[in-house]
Structure formats: structure tokens, C-alpha cells
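Residue 83 in my numbering sits at position 83 of the sequence shown; the count goes up by one each step and never skips. The beta carbon of each residue, even a glycine, is placed where N, CA and C say it ideally should be. The structure displayed is predicted, hence computed values, not measured ones.
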Amino acid sequence: MRDWMKMAGIRSSEITDQRVFQKRRQLLQASVAAGMTGLIAGSAQAKSESVPINGTIIKSPYRAEEELSSKKTITTYNNFYELGTDKGDPERYANRLETKPWSVVIDGECAKPGTYTLEDIIKPHPIEERIYRMRCVEAWSMVIPWNGFSLADLIKRVEPNSKAKYVAFETVVQDDLPGIRRSVLEWPYREGLRMDEAMHPLTMLSMGLYGEELLGQNGAPLRLVVPWKYGYKSIKSVVRISFVESQPDTSWNLSAPGEYGFFSNVNPDRSHPRWSQAKERRLSGDAGGLAALFSSKVETRFMNGYADEVASLYEGMDLQKFH
Ligand SMILES: Nc1nc2c(c(=O)[nH]1)N[C@H]1C(S)=C(S)[C@@H](COP(=O)(O)O)O[C@H]1N2
Ligand SMILES: [Mo]
């Protein structure tokens, strides 16, 4: 064991693991290139490896001041129903999600529809770090340092026309994902935003967090982040973005229209039919998993604390009705 390894607190077994890992990864990539993914599905531990984001990350002015949730909490306490309904399932099965190669279909009412590779989508945009509060409809919340850019910047590139009143999103459907075999929701997972919501500078496309590429459980390789709405609007592993004229279907609204509206703005004054939304369990630091049971309760803020920025989008709307 080398001294520098001791100093850095690294066990030699970890180094070995790293090497084995790299090998497997190369093998995997080679096989993907050769179109043999089916043969080696299940050996793809590469997805649980942290990969630093390549290039400079700019600190944006969007920085919630609260204590951050730890990387561990953010990557082990998740909702991603395609991978299972238990909070631990997304991490458990993240390696089943095939993220390479990845492309996104952009279609509908725009001048530049097409199939864009992940690189085509991300490359033109400087990557920012934005610290957002995230509030799940199940009344827990985290503070997450996302990496990514405003969705508006991508939208401008593809030039939507005047018929584009909404943006619809879809998640990938892969038969190997354990949740896909069960019909807990209608697949593909679908979400949507009104055009002005999609164009709001707070609305992000994220490809990383804590300076590392997204892991499967957080919606690798590209997901939406809309911090003033309940978490389910922030659709993961996006493969399709469509510009449409009328309000698109969303998975949660289809499954329980009385419980999940289209807008889904965080609102402590509008209870979910089965529970209050007035408070939330803040999963700060390492408070994921069982620790979540003992985490502190904080008051939920209107529009998740982003009302100064976004309340004007809903002026004159009855927010009890348009929930
Ligand atoms: N495709 C897809 N996207 C999804 C979900 C899902 O089940 N499938 N769950 C949503 C819910 S309910 C929440 S709270 C957030 C959780 O994001 P996180 O696990 O990265 O914190 O993802 C959202 N995006
Ligand atoms: Mo959620």
C-alpha cells in the first residue's frame, strides 16, 4: 500500500475495484458499439460510478441558502417508478438503465425538429451550478446543487412557432427496467409545461449534480428540473421533447386526476386529497433512508419559495382549481 493512498484514506482494494471497473466499462462500451447490449445487460455497474463533469461549471445566482442535502441522500432516496416504487429501488436498479448512446427527439411545432444526440443538446450551453429546493408531493424535500442550463436556451435553438403553446416530455422506456413490467403508471412517463413555464429561466435541463454526471437513479443522462413545482414534474431520463398546441397528458394526471393537476405548483394552502401540504420533512445532510423518519419538519413555502420569480405566470388564475 502506497503512502499517498493511506494519506487519502484509500484502501488498495478500492484501487483494484477501480481498475476492474474501468475494464468492465471499456468492455461495456465496446459491446454497446458492437450492438451486443442484450448479452451483457446486468453487468453494467458503470452506471453507479461517479464521473466528474467535463469542463467549467459556472456558479449561477440561483442559490438557495439552506443546508444542502448530502450526495448520499440525493442518490439513495429517490422516486423513479420505472426502476421500482421503493425509495431504494432507483439506486438498486440504476445499472439497468442504458444511457449510452442517448438521443432526444425534438418534434412538433418548431422550425428545427430532429433527433439530437446528447452531445448536440448539451454542448452549446455553458454548465451552471444552481442550488434549488426540491419539494416532493409526498411532503419531503431536499436542497440539491444541480448542474445544467436553462431549458429556454435549448428551446430558442429549435425555434418553436406560434402554435407551440405547451411543451411535452417523455422518459425512455426500456424493457429491462423492473418498474416498466408493472403498470403502476402509464409508460412512457409523461410530463408537460405551458410554454411560459418552459421558457422561465428557473426551468432547467440538468445533466449532473454536485459537479458529477447524473447517476441513473437521478434521471441520467438528462432530466428536467422545475423547482417551484412538485417533484413529479421534474421528469427524468428525457428522450422526447414535443412542442404542442394543446395541454399534453401527464402520467400522474392520467393516473389520478383528482390528486395531481397539470400545474402542480407547490402550494401549502391546497391540501392533497389525502394529506396536508403545509409542512415538509427536510432531508438535509445525510437524512435519507431511515433517518428520514427523524428529519426536521419545516413550513412549506408558496411556490416552494420561488413566488417572487414565478407568481406572475399565474396572475388571475384560481390556484385551487388549476392545481
Ligand atoms: N421518469 C420519471 N421521472 C420522475 C419520476 C418517475 O417516477 N419517473 N419521479 C418524480 C418524482 S415523484 C420526484 S419527487 C423526482 C425525484 O427526483 P430525484 O430522485 O432526483 O430527487 O423525480 C420525478 N421524476
Ligand atoms: Mo415526488
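Whose CB is closer than 7 Å to a heavy atom of ligand 2? List the residues in chain order. Going by the Cβ distance cut-off, the answer is N79, C136, V137, E138, Y230, G231, Y232.
- Message: Using a Cβ-based criterion (distance less than 7 Å to any ligand heavy atom), does K71 qualify as near ligand 1?
- Response: No, since every heavy atom of ligand 1 falls outside the 7 Å radius drawn around the Cβ of K71.
task = Tell me R281's beta-bridge partners as DSSP assigns them.
result = W140, K297
| message | Less than 8 Å between the beta carbons of L118 and P221, yes or no? | response | yes
* Asked: So does E299 have its beta carbon nearer than 7 Å to some heavy atom of ligand 1?
  -> no
So, S69 versus I144, is the Cβ gap smaller than 8 Å? yes
_Measuring only the C-alpha atoms, how far is V137 from S162?_
33 Å
- What's the C-alpha gap between P124 and R274? 44 Å
* Does DSSP put N54 in a helix, a strand or coil? -> Here N54 sits in coil by DSSP.
8 Å Cβ shell around E159 - same chain, five flanking residues per side excluded:
By the criterion of a C-beta distance shorter than 8 Å, E159 is surrounded in its chain by C110, A111, K112, once the five residues flanking it on both sides are discounted.
Under DSSP, the beta strand (DSSP E) around D86 begins and ends at which residues?
Careful: D86 lies outside any beta strand (DSSP E) and carries neither H nor E.
*May I have the straight-line CA-CA distance separating S312 from G148, to the nearest angstrom?*
25 Å
Next on the checklist: Here's the rule: buried if 16 or more other CB atoms are within 10 angstroms of the residue's CB, otherwise exposed. What is F322?
Outcome noted: Result: exposed.
Quiz item: Taking 7 Å as the cut-off, does the CB of K321 come closer than this to any heavy atom belonging to ligand 1?
Solution: no
task = Locate the beta strand (DSSP E) running through V310, then write down its first and last residues.
result = Premise fails: V310 lies in the alpha helix (DSSP H), 307-310, not in any beta strand (DSSP E).
Is it a yes or a no for the region 91-106 touching the region 291-311, going by three-plus beta-carbon pairs under 8 Å?
-> no
The region 167-187 contacting the region 280-287, beta-carbon criterion three pairs below 8 Å
no
Would you mind stating whether L205 and L154 have Cβ atoms separated by less than 8 Å?
-> yes
| message | By the DSSP assignment, the alpha helix (DSSP H) with E197 in it spans what residues? | response | 195-199
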